[in-house]
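**Student:** Taking my numbering, the leading residue of the sequence shown gets 1, the next gets one more, and so forth.
Glycine included, C-beta positions come from ideal geometry on N, C-alpha and C.
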Amino acid sequence: MKAVAVLGLAALLPAAACAGEPTGSRQEDRERMLAAVAADARATGPETGRAELSPEVLAALGRVPRHRFVPAALASSAYDNRPLPIGSGQTISQPFIVALMTDLVDPEADDRVLEVGTGSGYQAAVLAELVDHVYTVEIVPELAREAEARLERLGYDNVTVHLGDGGFGWAEHAPYDAIVVTAAAPHVPSALVEQLASGGRMVLPVGEPGGFQTLVLVARGSAGEVTQERILGVTFVPLTGDEGR
Ligand code: SAH
């Protein structure tokens, strides 16, 4: 049974990874990561309601060269299903959490997506594999600079990195079909709800910074009504800036 599941995931992997990547680079590591992500999805299914993640999301995860988003010294651990430090006291999220958050916003090919908390640029790259354009905001100048250069090097020309306080979103390009927030705030920032399009979905960790949080899915219906659903207990770095208080 297990072998079948792993083979199924292997079939999702592309022949070539991504611009600038040799064909099949770290293929076994990627397959191992996808199998671990699928196993976590099944294990948390009763809570998340998403025991099976979409094949498109898993395939996107398999295409992004995660070893290019972590410090060189940690490259050998890049495909482990766990968060890793990326400098400036920040972390790149666990692959399962990246996959779950991506799945929860139901990305579509013509979507315009806002990400708050660029970090390494990894979540932005996964989204960029699936949607029309990703606008991502980072508050730490060095991380924003590095992520922008990294994404450009890897050929992601549909991601725009912005240095600023993402707790207020990025009004210039709103409304967004989807919003993904990768740092925890004690409440849902109201500017982000305002920048969500009708029919749009936002996923974010809500709860006390430094403690446990709940991943929350916010949806705006076609008549403008806003609903919230609690998905899973998580731990994220805090959203800093004025909306993180
Ligand atoms: N999505 C990232 C992981 C992010 S860790 C990745 O895939 O690598 C959370 C990030 O949010 C950190 O880089 C942190 O600096 C950033 N952050 C925290 N508060 C922020 C704010 N108010 N606006 C924008 N970015 C913020």
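Is I139 close to ligand 1? I mean its beta-carbon at under 7 Å from any heavy atom of the ligand.
**Tutor:** As a working note, residue 139 is residue 139 in the sequence shown. Flag set: Cβ of I139 near ligand 1.
**Student:** Quick check on the burial criterion: 16 or more other C-beta atoms within 10 angstroms. Buried or exposed for P85?
**Tutor:** Here residue 85 refers to the residue found at position 85 when the sequence shown is read from its first residue. P85 comes out exposed.
**Student:** Kindly identify the DSSP beta-bridge partner or partners of V188.
**Tutor:** Counting from one through the sequence shown, the residue named residue 188 turns up at place 188. Partner(s): none; V188 has no beta bridge.
**Student:** Cβ atoms of A219 and R230: under 8 Å apart, would you say?
**Tutor:** Here the question's residue 230 lines up with position 230 in the sequence shown. Here the question's residue 219 lines up with position 219 in the sequence shown. No, the Cβ-Cβ distance between R230 and A219 is not below 8 Å.
**Student:** Which stretch, first to last residue, makes up the beta strand (DSSP E) that contains L34?
**Tutor:** Locating residue 34 in the sequence shown gives position 34, counting from the first residue. Segment 27–48 is the alpha helix (DSSP H) holding L34; no beta strand (DSSP E) there.
**Student:** Around the Cβ of A78, are there at least 16 other Cβ atoms within 10 angstroms (buried) or fewer (exposed)?
**Tutor:** As a working mapping, residue 78 is identified with position 78 in the sequence shown. Buried, by the Cβ-count rule.
**Student:** Taking G207 as the reference, give the member of A223, H173, R245 with the closest Cα.
**Tutor:** What you label residue 207 is simply residue 207 of the sequence shown in a count that begins at 1. The residue with the shortest Cα to Cα distance from G207 is R245.
**Student:** What beta strand (DSSP E) runs, 3 residues minimum, are completely inside the stretch 48–87?
**Tutor:** Taking only runs of at least 3 residues, the beta strand (DSSP E) segments lying wholly in the stretch 48–87 are 84–87.
**Student:** Within the same chain, show all residues whose beta-carbon is closer than 6 Å to that of A99, passing over the 5 residues directly before and after it, in chain order.
**Tutor:** Stepping through the sequence shown from its first residue, residue 99 is reached at position 99. Same-chain partners within the cutoff: V37, L53, V57, L61.
**Student:** When you compare only the Cα positions, how much space is there between V216 and P46?
**Tutor:** Along the sequence shown, read from residue 1 onward, the residue named residue 216 stands at position 216. Along the sequence shown, read from residue 1 onward, the residue named residue 46 stands at position 46. Distance between the alpha carbons of V216 and P46 is about 16 Å.
**Student:** Would you mind reading off the limits of the alpha helix (DSSP H) that contains E148?
**Tutor:** As a working note, residue 148 is residue 148 in the sequence shown. Here the alpha helix (DSSP H) through E148 covers 141–153.
**Student:** Got a sec, what are the start and stop residues for the alpha helix (DSSP H) V98 sits in?
**Tutor:** For the purposes of this step, residue 98 is taken as residue 98 along the sequence shown, with counting starting at 1. Its alpha helix (DSSP H) spans residues 95–104.
**Student:** Extract the residue ranges of the alpha helix (DSSP H) inside the stretch 161–243, only unbroken runs of 4 or more that lie entirely within it.
**Tutor:** Counting only runs of 4 or more, we get 190–194.
**Student:** Could you tell me the boundaries of the alpha helix (DSSP H) in which Y135 lies?
**Tutor:** Along the sequence shown, read from residue 1 onward, the residue named residue 135 stands at position 135. Looking at the DSSP string, Y135 is not in any alpha helix (DSSP H); the run it does join, the beta strand (DSSP E), is 133–138.
**Student:** Using the Cα positions of S88 and L143, report the straight-line distance between them to the nearest angstrom.
**Tutor:** For the purposes of this step, residue 88 is taken as residue 88 along the sequence shown, with counting starting at 1. For the purposes of this step, residue 143 is taken as residue 143 along the sequence shown, with counting starting at 1. Near 8 Å, if we compare the C-alpha coordinates of L143 and S88.
**Student:** For the beta strand (DSSP E) that L114 lies in, which residues bound it at each end?
**Tutor:** Locating residue 114 in the sequence shown gives position 114, counting from the first residue. Its beta strand (DSSP E) spans residues 112–116.
**Student:** Does ligand 1 have a heavy atom nearer than 7 Å to the CB of R228?
**Tutor:** Taking the first residue of the sequence shown as position 1, residue 228 is located at position 228. Residue identity check: residue 228 is Gln in the sequence provided, not Arg. Every heavy atom of ligand 1 is 7 Å or more from the Cβ of Q228, so no.
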